[in-house]
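Structure, as structure tokens:
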Amino acid sequence: MIRLSGIRKAYGRTVALDGLELEIRDGEFFCLLGPSGAGKTTTLKTVAGLEQPDSGTVELDGEDMRGVEPYDRGVAMCFESYALYPHRSAYDNLASPLRSPRYRLPAAEARQRIGAIAELLGISALLDRPVGRLSNGQRQRVALGRVLVRPARAFLLDEPLSHLDAKLRQQMRAELKAIGAVQHTTTLYVTHDSVEALALGDRIGVIREGRIVQTGTREEIWYQPYDTEVARAFGRPRINLLPGVVTESGVAADGGVLLPVRARAAPGTDVLVGLRPRDITLHGEGHALTGTVYVTEVLGRSVEVTVRLGTGEQRVSLVAPRADAARLRPDDPVRLVVRPENLLLFEADRPERPGRRIETES
Amino acid sequence: MRLALRPYLLIVPALLLTCGILYPFGLGLYYTLFDFSASKPQPDMVRFENYTTVFTQEAFWNSAWVTVLYAVGAALAETVLGVAVALLLHRSTIVGRILEKILILPLMIAPVIAAIIWKLMLQPSVGVVNHLLRPFGLGGVQWTDTPTGALLSSIAVDVWVYTPFVAILALAGLRSLPASPFEAAAVDGAGWWYTFRRLTLPMLWPYVLVAVIFRFMDSLKVFDIIYALTEGGPGDATVVLQIRAYLEAIRFQRYSFGISYTIVLWAVVYLAAMVLVKHLGKIQRKAAEVTT
Amino acid sequence: MRKRALGWLGDAALILYFVFALFPIAWMVILSLKPADQLFSTYFSFSPTLDGYRTVLGDSEGIPFVRFFVNSLVVSVGAVALSLVVGLPAAYASARWRFKGSENLMFTLLSFRFAPELTVIIPLFVLYQKLGLFDTYVGMVWVLQLVTLPLIVWIMRSYFADLTPELEQAALLDGYTRKQAFFKVALPLVKPGIAAVSLLAFIFAWNNFVFPLILTSNEAQTVTVGALSFLGGDRPKYNLTAAAALVSVVPPLLLALTIQRYLVRGLSFGAVKS
Chain C
1 MIRLSGIRKA
11 YGRTVALDGL
21 ELEIRDGEFF
31 CLLGPSGAGK
41 TTTLKTVAGL
51 EQPDSGTVEL
61 DGEDMRGVEP
71 YDRGVAMCFE
81 SYALYPHRSA
91 YDNLASPLRS
101 PRYRLPAAEA
111 RQRIGAIAEL
121 LGISALLDRP
131 VGRLSNGQRQ
141 RVALGRVLVR
151 PARAFLLDEP
161 LSHLDAKLRQ
171 QMRAELKAIG
181 AVQHTTTLYV
191 THDSVEALAL
201 GDRIGVIREG
211 RIVQTGTREE
221 IWYQPYDTEV
231 ARAFGRPRIN
241 LLPGVVTESG
251 VAADGGVLLP
261 VRARAAPGTD
271 VLVGLRPRDI
281 TLHGEGHALT
291 GTVYVTEVLG
301 RSVEVTVRLG
311 TGEQRVSLVA
321 PRADAARLRP
331 DDPVRLVVRP
341 ENLLLFEADR
351 PERPGRRIET
361 ES
Chain P
1 MRLALRPYLL
11 IVPALLLTCG
21 ILYPFGLGLY
31 YTLFDFSASK
41 PQPDMVRFEN
51 YTTVFTQEAF
61 WNSAWVTVLY
71 AVGAALAETV
81 LGVAVALLLH
91 RSTIVGRILE
101 KILILPLMIA
111 PVIAAIIWKL
121 MLQPSVGVVN
131 HLLRPFGLGG
141 VQWTDTPTGA
151 LLSSIAVDVW
161 VYTPFVAILA
171 LAGLRSLPAS
181 PFEAAAVDGA
191 GWWYTFRRLT
201 LPMLWPYVLV
211 AVIFRFMDSL
221 KVFDIIYALT
231 EGGPGDATVV
241 LQIRAYLEAI
251 RFQRYSFGIS
261 YTIVLWAVVY
271 LAAMVLVKHL
281 GKIQRKAAEV
291 TT
Chain A
1 MRKRALGWLG
11 DAALILYFVF
21 ALFPIAWMVI
31 LSLKPADQLF
41 STYFSFSPTL
51 DGYRTVLGDS
61 EGIPFVRFFV
71 NSLVVSVGAV
81 ALSLVVGLPA
91 AYASARWRFK
101 GSENLMFTLL
111 SFRFAPELTV
121 IIPLFVLYQK
131 LGLFDTYVGM
141 VWVLQLVTLP
151 LIVWIMRSYF
161 ADLTPELEQA
171 ALLDGYTRKQ
181 AFFKVALPLV
191 KPGIAAVSLL
201 AFIFAWNNFV
211 FPLILTSNEA
221 QTVTVGALSF
231 LGGDRPKYNL
241 TAAAALVSVV
251 PPLLLALTIQ
261 RYLVRGLSFG
271 AVKS
């Protein structure tokens, strides 16, 4: 279990962590998602003891870690830069923890352990090579191997897949969660890729400007995003955000479009209505909207269709099966169907911050 | 607590050693307020009298002038020659690649040894230089025996030793220049001169300036070369400030007065450094703009 | 066609410069091999002999040149060793933690590089005579710190700064202490830098002239001052001077050729990296 409470860390005038609160449960795979500069790496290094917070406490398994040196914390970390020792072979890199005074194993046992990890990661043939002669993907595996090679209280993984090409990334993503050690060790995984977070995280935390904005399961993050920014962070194409005004019967948007969402907000309030592209269909049950096709873009088996709603300039994107959308041409009239329960509503009256989600009644 | 202290502990030894060097410096500064000399081992406080004497002495102004001539002359000649050598080596011809390997040789020879070598070569009657010049009717040049000749000869030795220094830094600069602006210029059909003036020079300048700063400041405090080559002569023709300080403090054993000279020189070097380093910062920013 | 002519011209100019650069060295070799009676009678044709070297290395002119050579070796190695022991931790600390104390130290050291030597030496001349350090190894090693310490600290800081701190952090998480992380990870990675800067510092210490000139007289005198003493006396002994000069430049020249690759950073105090 990892618990961070009230962590503050500043470098000169730049505040990296601003009262960060985070709790990661035992054995959980937790994804921390945020843009670069949000404080993700600082969070990891604070847990590892490589950075000292200005205030706040770090607890590992209920123990306060104040004053505990990194080598006594029992956590293993995979750095974004991999931080492999360039003057040593892949084998020596993997062996490094097992030769340290803290985690020392007899040489034979260590060899066995390294062999098993190398097997697991498919790098058995590379062990004798100096790190400098490994490809990016191979280095990434060695770095991961160095983390997995010894038992740890927690794994801290800093964007371990970000430097890989798309295909390798996808493959490693699948492999990572299948590794036994990862399944039962508390893991804090940092990424800026929402697809990765959704695919891997038992729970996901969204970090922004040194604070945790929201934590939750992927369903919670997806269906109840904290604000427009969180909503926009997940899902491609991005969520449609239509400006509108709350009325007695729903939300009125530009071009005479009425969206059937009941808000706990007074009529006349400015809001944004969030509509995920995958929640809009071209036929079926639900609330119907009309518009004209603006542009279509084929994405493999499905098609992204951008539609101009009603008579206004407001556009929404949706993703439809190719069979349904193949014949659509620009300016074709089109009928869209949305299910009211899939509509999200956000504040739009506080321009200084991303609009928070407003509870809806169905 | 231990964590916060560690970096301080690591620098403590260096700090102590530094104090071991700062102490004589401070002691020297203190001595300049007295009239300490071998003939007066129990000195009296004279406050700033040593400095007022320095500044009112004609010998000081002569030395200052000689020092500036030497430093400007040497730094200028080394810069021009060094950059030229670097540009020629940068073409990486076969000849160039062979010669580059031995470029540093003069630089690694102790300046005093270099001066000895040149002293033997410049000897007017039996030196090899005059021997080689004789067929051109120039066999009788009194190299280090005329005031101008002595200054120029000293500068020549400085140039011999330190041109490789400028050339090495300039060559490193040339090799680290990004290729894309040059490719763009080549595509645009820019001529050699245009490329050199508009691209090479502005981007190279920060590297050259680092070399110039080192060379200029080092030649302000030249000692070895002149000591071995001319000992400041003939007359006072090559008495640069450090030589003057040496003569006063060690030859004539007027310690306080000699140190005053070095303190004045120190102030000059320090000021020169401030100005040049500030300029370097400006140039580096400008060069960064050219590349982007 | 024109381009090729220009290329030849460039090579010709280069060769001209290198004649200027190398002829003096070649001439010293020639002079040192001349027998005493052919010193001034001929220039390029003579019967070569090693007598000059024999005389110089046989101490037969009343100048104990071999001892000077050993002295140079001792004080230069001593100065570099002291600077390394003291300077490496400081360089590491100031590369890893930029704090006020280390920045002040760094700039004080840099100012040593540009300070006129006599500012420090003349007071030391007085001080050493009081302390009994005049003409001793200890005295020389101390004062040579002015040359070697700034160089080693500045260059090594630039090497340490180039090393991402994450390597040592990884070592900490692998279970090593900070001390072990420094010795097992940081130090091996900057080893080539240490070797290069040590050799360069050695060369500069070896080549130094003012310090031994003023702060030694005989016991701890070094080759640079020793070579100059062959020029004294009523009859100039050109062949001996040349031989002494050559002997005293051999160590720096040999070392310099081995560290070519690292010279740029060393010569520019880390301001230019290659």
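Chains as they are written, first to last, in the UniProt record's numbering: chain C, 1 to 362; chain P, 1 to 292; chain A, 1 to 274.
Even for Gly, the Cβ is constructed at its ideal location relative to N, Cα and C.
Every value quoted in this text rests on a predicted model; they were computed, and no experiment measured them.
Same chain, Cβ closer than 6 Å to residue i, neighbours up to 5 away in sequence not counted
i: S94 of chain A; result: S102, M106 and R157
i: Y51 of chain P; result: S260
i: E59 of chain C; result: R3
i: T241 of chain A; result: F230 and L231
i: F211 of chain A; result: V143
i: L177 of chain P; result: M203
i: G96 of chain P; result: L89
i: D254 of chain C; result: G312 and Q314
i: G173 of chain P; result: L204 and Y207
Beta-bridge pairing of residue i - partner residues as DSSP gives them
i: Y189 of chain C; result: C:C31 and C:L157
i: E304 of chain C; result: C:E297 and C:V319
i: Y11 of chain C; result: C:T14
i: A252 of chain C; result: C:V245 and C:L258
i: V50 of chain P; result: Strictly speaking, residue 50 of chain P in this sequence is Asn, with Val absent from that position. N50 of chain P is not bridged to any residue.
i: A76 of chain C; result: C:F155
i: F346 of chain C; result: C:L272 and C:R357
i: D64 of chain C; result: C:E59
i: E23 of chain C; result: C:R3
i: R335 of chain C; result: C:T290
i: T281 of chain C; result: C:V337
Cβ shell of residue i (< 7 Å), same chain only, five flanking positions each side left out
i: R25 of chain C; result: M1
i: M45 of chain P; result: L33 and F34
i: R232 of chain C; result: R238 and I239
i: A179 of chain P; result: none
i: M1 of chain P; result: Bear in mind that the predicted position of M1 of chain P carries a pLDDT of just 38, short of 50, making it unreliable; the figure below should be weighed with that in mind. Nothing listed; no residue qualifies.
Beta-carbon contacts of residue i that lie in its chain and below 8 Å, excluding the five residues immediately before and after
i: G286 of chain C; result: V337, V338, R339 and P340
i: L133 of chain P; result: G139 and V141
i: E51 of chain C; result: K9, T42 and K45
i: G256 of chain C; result: G310, T311 and G312
Euclidean distance between Cα positions of residue i and residue j
i: E80 of chain C; j: R4 of chain A; result: 51 Å
i: A201 of chain A; j: V85 of chain P; result: 26 Å
i: P333 of chain C; j: R327 of chain C; result: 12 Å
i: L199 of chain A; j: A256 of chain A; result: 8 Å
i: G145 of chain C; j: L121 of chain C; result: 7 Å
i: W61 of chain P; j: I259 of chain A; result: 42 Å
i: L198 of chain C; j: R13 of chain C; result: 34 Å
i: R153 of chain C; j: Y23 of chain P; result: 53 Å
i: V182 of chain C; j: V75 of chain C; result: 13 Å
i: R301 of chain C; j: R139 of chain C; result: 35 Å
i: V83 of chain P; j: G210 of chain C; result: 50 Å
i: V223 of chain A; j: Q57 of chain P; result: 36 Å
i: Q221 of chain A; j: L280 of chain P; result: 39 Å
i: G284 of chain C; j: E196 of chain C; result: 31 Å
Exercise. For the 8 Å Cβ check, are there 3 or more pairs between the stretch 251 to 266 of chain P and the stretch 143 to 163 of chain P?
Worked result: Three or more Cβ pairs closer than 8 Å define a contact, and the stretch 251 to 266 of chain P falls short of that threshold against the stretch 143 to 163 of chain P.
For this session: Answer yes if the stretch 14 to 32 of chain A comes into contact with the stretch 217 to 235 of chain P, meaning at least three C-beta pairs across the two stretches below 8 Å, and no otherwise.
Result: In short, these stretches do not touch, since the Cβ pair count stays below three.
Exercise. For the stretch 44 to 56 of chain A against the stretch 113 to 124 of chain P, are there 3 or more C-beta pairs whose distance is under 8 Å?
Worked result: Touching, no, given that fewer than three Cβ pairs across the two stretches are closer than 8 Å.
Exercise. Is the stretch 24 to 41 of chain A in contact with the stretch 232 to 243 of chain P, if contact means three or more CB pairs nearer than 8 Å?
Worked result: Verdict: no, contact absent.
Exercise. Okay, do the stretch 266 to 279 of chain P and the stretch 206 to 220 of chain P touch, 3+ Cβ pairs below 8 Å being the bar?
Worked result: Here the stretch 266 to 279 of chain P makes contact with the stretch 206 to 220 of chain P; the two share three or more CB pairs at distances below 8 Å.
Exercise. Per the contact definition of three or more C-beta pairs closer than 8 Å, is the stretch 83 to 98 of chain C in contact with the stretch 161 to 169 of chain C?
Worked result: With a cut-off of 8 Å, the stretch 83 to 98 of chain C and the stretch 161 to 169 of chain C do not count as touching, because too few Cβ pairs lie within range.
Problem set entry | Inter-stretch contact (C-beta, 8 Å, three-pair minimum) for the stretch 246 to 255 of chain P and the stretch 156 to 166 of chain P | Segment contact: the stretch 246 to 255 of chain P against the stretch 156 to 166 of chain P, fewer than three CB-CB distances shorter than 8 Å; contact not assigned.
Exercise. Is the number of C-beta pairs between the stretch 211 to 222 of chain C and the stretch 63 to 73 of chain C that are closer than 8 Å three or more?
Worked result: Short answer: they don't touch.
Exercise. Can you list, in chain order, the stretches of the alpha helix (DSSP H) that have 4 or more residues and sit fully within the stretch 186 to 235 of chain C?
Worked result: Note on the stretch 186 to 235 of chain C: whole alpha helix (DSSP H) runs with a minimum of 4 residues are 194 to 200, 218 to 223 and 228 to 233, in chain order.
Problem set entry | Contact the stretch 346 to 357 of chain C vs the stretch 264 to 277 of chain C: 3+ CB pairs below 8 Å | Yes: the two stretches touch, three or more of their Cβ pairs being nearer than 8 Å.
Problem set entry | Any 3 or more C-beta pairs closer than 8 Å across the stretch 84 to 98 of chain A and the stretch 6 to 15 of chain P | Yes, the stretch 84 to 98 of chain A touches the stretch 6 to 15 of chain P.
Exercise. If you pair each beta-carbon of the stretch 18 to 28 of chain A with each one of the stretch 93 to 110 of chain P, do three or more pairs fall below 8 Å?
Worked result: With three or more CB-CB distances shorter than 8 Å, the stretch 18 to 28 of chain A counts as touching the stretch 93 to 110 of chain P.
Exercise. Which residue spans inside the stretch 15 to 97 of chain A form an unbroken alpha helix (DSSP H) run of at least 4?
Worked result: With a minimum length of 4 residues, the continuous alpha helix (DSSP H) runs that stay inside the stretch 15 to 97 of chain A are 51 to 57 and 65 to 96.
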